[in-house]
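Student: Have a look at this one.
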């Protein structure tokens, strides 16, 4: 029997859609190009872990080169896109910083006169935020003054720890916002999640099973409910039918064999690079499918990233902790035109890692290198005694920042790679510069005797957004406010590709809430949904 | 395999990066070109060709000049500054000397009082810091 719904991609949005559809009795098939995460490689107690993590848990598909990865040409991009192609998607290696967007993020045009409003509001999404926070085992504290009042996450926040307390006190003195960090880190045993032991390796997969990742929080239950998940399935194209509906997909399995699968409805959840790539690879023309607006692949947003480190006399034992973040600050998130730019950024206070990290060019900068005389004292000075603000800066959508196909490179299935064309705008540069300067003031106020503004590096494109714009006008957007293609009535996009603007937040919370909302809208409209029979 | 000669070269270069100091040994004294290099390359055999090539590229140069030359070679500098500190910190005596126990389990005590409550008052007092959805 053919599935009712085909989903491409088993990351958070695909997992949420698959599980929710199965709960309502839909027959769901999911194609995932990668594999399940192999946690036996999260050898966190071994001394060589800093070395093997860089290979086994690399964020850059070109570095990782796993079977499920497709080549990404970033030669013409100021930022290198990063992703995890496998069951759980980006959640496997994310820092678990679970940030809702703020109300203004949905009204950028109205409030700041730039870019576009979203076709929904914070209030529309709020009930879904609450639900996905339960589903992912989120920790944190209700009442954050940067958000409208409402229900908070199910678990208490991680401890601030000595570094978090010190900076929180400084922000109180400065009159600046901070709040205990919202995280997809289980502070207590919760569902299938273990309690966090603060080992500090969130970014290289959690060996302790305490991070809210879709491979743990969603997939086991989805499979119990009957979802069929095929891994190692690289989708080469979506199949268009003469009646204008999408009939399913052609994929190549790990042994190189080609298969065609058919489904009534197809949903893409392949991330902000993979989703437009697949649309552009389909239909047999250079424009691909679902592209009457000409916007597929355009308006890519990746969040310029800044880091500012502070070194203190106090020993925070900060080579580990929730990583994660101890606290966040949204003091400078909202637009203040007098700063010379619009929009803002979220700050998350983090540990700085073990001794190996103390010698690295990032975040410490070439000018602060510690080689030569005094090496040991410099390591002792930084190790455990430092903390850093990670700054997620909003970048505005521009059609020249885009994903196109790269026919010069092919994946294992013979399909073209993706090429990224992305340039930082003047607004982004000013924004990052301003926020780094304020973050430095924060750490100095907290008593740092040395601060380091990290050099700009390219390998920070964790967040891939905007490449199949969601909107109400079919001539000026790719999908409608339910995630459905304006052109193809049984084709949907449920991942971060649909974002009209990028906000200045880690995006998984909003990707998840949107995916749940989209899925329930699809279920609700099931009677009127056109399907490829 | 990295030859003995190249190991000796690595030791000399590594000592430029990590000389003895503050009561701690230099890189070569700590086994960076010996046992701990073996451990690093056992974990990451893929680094060996790049390391070998970097060492070959500066053969015959005095250590300080070799280091200067490698700085101009991003690949060579990258592999050298990855392997040397990794091997140095692989040595348990070095980790002990800098007070680093490795990544430990530090369970969160569910019965401990929250460590944020005494600090939140002034944040709450300031009130909302967001712009609400406009009508």
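Residue numbers (my numbering), protein chains in the order written: chain W, 1 to 533; chain L, 534 to 668.
Don't be surprised by glycine CBs; every beta carbon is placed ideally from N, CA and C.
Values in this document were obtained by computation on a predicted structure and should not be read as measured data.
(1) Compute the distance between the beta-carbons of residue 85 of chain W and residue 420 of chain W, then report whether it is under 8 angstroms.
(2) Could you check whether residue 269 of chain W and residue 7 of chain W sit closer than 8 angstroms to each other, using their CB atoms as the reference points?
(3) Check the Cβ-Cβ distances between residue 565 of chain L and every residue of chain W, and say whether any is below 8 angstroms.
(4) In the DSSP assignment, find the unbroken beta strand (DSSP E) run with residue 260 of chain W in it and report its ends.
(5) Where does residue 237 of chain W fall in DSSP's three states?
(6) Using a Cβ-Cβ distance under 8 angstroms, would residue 568 of chain L count as near chain W?
(7) Under 7 angstroms Cβ to Cβ from residue 365 of chain W, same chain only, skipping five residues before and after it: list those, please.
(8) Do residue 204 of chain W and residue 93 of chain W count as a contact pair if the criterion is CB distance below 8 angstroms?
(9) Return the CA-CA distance between residue 90 of chain W and residue 608 of chain L, expressed in angstroms with no decimal places.
(10) Beta carbons nearer than 7 angstroms to chain L: which residues of the region 192-218 of chain W have them?
(11) Do residue 249 of chain W and residue 275 of chain W count as a contact pair if the criterion is CB distance below 8 angstroms?
(12) Return the residue from the list W/360, W/271, W/370 that minimises the CA-CA distance to residue 88 of chain W.
(13) For the beta strand (DSSP E) that residue 421 of chain W lies in, which residues bound it at each end?
(14) Kindly indicate the opening and closing residues of the alpha helix (DSSP H) around residue 228 of chain W.
(15) Kindly identify the DSSP beta-bridge partner or partners of residue 345 of chain W.
(16) Here's a check: name, in chain order, each residue in its chain whose Cβ is nearer than 7 angstroms to the Cβ of residue 2 of chain W, leaving out the five neighbours to either side.
(17) Classify residue 475 of chain W: buried if its beta carbon has 16 or more other beta carbons within 10 angstroms, exposed otherwise.
(18) I'd like the list of long-range same chain contacts for residue 412 of chain W, defined as Cβ closer than 7 angstroms, with 5 residues on each side in sequence excluded.
(19) Residues bridged to residue 273 of chain W by DSSP?
(20) Roughly how many angstroms lie between the CA atoms of residue 115 of chain W and residue 299 of chain W, to the nearest whole one?
(21) Alpha carbon to alpha carbon, how far is residue 221 of chain W from residue 154 of chain W?
(22) Any residues in the region 605-619 of chain L with a beta carbon nearer than 8 angstroms to a beta carbon of chain W? Which ones, in chain order?
(23) On a CA-only basis, which of W/219, W/326, W/120 is nearest residue 540 of chain W? Give me that one, please.
(24) DSSP on residue 40 of chain W, reduced to helix/strand/coil?
(25) Excluding sequence positions up to five away, which residues of its chain have a Cβ less than 8 angstroms from the Cβ of residue 603 of chain L?
(26) Taking the runs of the alpha helix (DSSP H) that are 4 residues or longer, which of them lie wholly in the region 322-389 of chain W?
(27) Check the C-beta distance from residue 124 of chain W over to residue 523 of chain W and give it rounded, since I have them as a contact under 8 angstroms.
(28) Since I believe residue 207 of chain W is in contact with residue 42 of chain W (beta carbons under 8 angstroms), could you give me their beta-carbon distance rounded to a whole number of angstroms?
(29) Starting from residue 77 of chain W, trace the beta strand (DSSP E) both ways and give me its first and last residue.
(30) Can you pull the chain L residues whose beta carbon is under 8 angstroms from the beta carbon of residue 57 of chain W, in chain order?
(31) Can the beta-carbon of residue 584 of chain L be found closer than 8 angstroms to that of residue 631 of chain L?
(32) For a quick check, are the C-beta atoms of residue 236 of chain W and residue 415 of chain W less than 8 angstroms apart?
(33) Under a three-way DSSP split, which group does residue 450 of chain W fall into?
(34) At which residues does the alpha helix (DSSP H) containing residue 512 of chain W begin and terminate?
(35) Pick helix, strand or coil for residue 638 of chain L, following the three-state DSSP scheme.
(36) Figure out for me which residue from W/404, W/296, W/377 has the closest Cα to the Cα of residue 77 of chain W.
Tutor: Taking the structure as given:
(1) Their beta carbons are not under 8 angstroms apart, which means residue 85 of chain W does not touch residue 420 of chain W by this criterion.
(2) Cβ atoms of residue 7 of chain W and residue 269 of chain W: closer than 8 angstroms.
(3) No, its Cβ sits nowhere closer than 8 angstroms to a Cβ of chain W.
(4) For residue 260 of chain W, the enclosing beta strand (DSSP E) has its first and last residue at 258-262.
(5) In this structure, residue 237 of chain W counts as strand in the three-state DSSP scheme.
(6) Against chain W, the CB of residue 568 of chain L has no partner CB under 8 angstroms away; the residue lies outside that interface.
(7) So the qualifying residues of the chain are 452, 454, 455.
(8) Between residue 93 of chain W and residue 204 of chain W, the C-beta spacing is below 8 angstroms.
(9) If I take the Cα positions, the gap works out to 28 angstroms.
(10) Within the region 192-218 of chain W, the residues whose Cβ lies closer than 7 angstroms to some Cβ of chain L are 195, 196, 197, 198, 199, 200, 201, listed in chain order.
(11) The answer is no: Cβ separation not under 8 angstroms.
(12) The shortest C-alpha to C-alpha distance from residue 88 of chain W to any of W/360, W/271, W/370 is the one to W/271.
(13) Per DSSP, the continuous beta strand (DSSP E) segment holding residue 421 of chain W begins and ends at 416-422.
(14) No alpha helix (DSSP H) holds residue 228 of chain W; the beta strand (DSSP E) holding it covers 228-230.
(15) According to DSSP, residue 345 of chain W shares a beta bridge with W/393.
(16) Same-chain partners within the cutoff: 262, 263.
(17) Per the 10 Å Cβ criterion, exposed.
(18) Closer than 7 angstroms at Cβ, skipping near neighbours: 67, 234.
(19) Residue 273 of chain W is not bridged to any residue.
(20) Each residue's alpha carbon lies about 10 angstroms from the other.
(21) Each residue's Cα considered, the two are about 19 angstroms apart.
(22) From the region 605-619 of chain L, only 614, 615, 618, 619 have a Cβ closer than 8 angstroms to chain W.
(23) The structure shown does not extend to residue 540 of chain W, since chain W is modelled only from 1 to 533, so the question has no answer here.
(24) In this structure, DSSP gives residue 40 of chain W a helical state, which the three-state scheme calls helix.
(25) If we look at residue 603 of chain L and ignore the five residues flanking it on each side, its Cβ neighbours are 546, 587, 590, 591, 609, 610, 613.
(26) For the region 322-389 of chain W, whole alpha helix (DSSP H) runs of length 4 or above, ordered along the chain, are 355-358, 361-364, 375-382.
(27) About 17 angstroms; that fails the 8 angstroms criterion.
(28) Indeed they touch by this definition, with Cβ atoms about 4 angstroms apart.
(29) Counting along the chain, the beta strand (DSSP E) containing residue 77 of chain W begins and ends at 72-77.
(30) None at all; the shortest Cβ gap to chain L is about 13 angstroms.
(31) Not in contact: residue 584 of chain L and residue 631 of chain L (Cβ atoms no closer than 8 angstroms).
(32) Yes. Within cutoff.
(33) DSSP places residue 450 of chain W within a strand segment (E or B) once states are collapsed to three.
(34) Where residue 512 of chain W is concerned, the enclosing alpha helix (DSSP H) stretches over 508-524.
(35) Correct three-state label for residue 638 of chain L: coil.
(36) Checking every option, the nearest Cα to that of residue 77 of chain W belongs to W/404.
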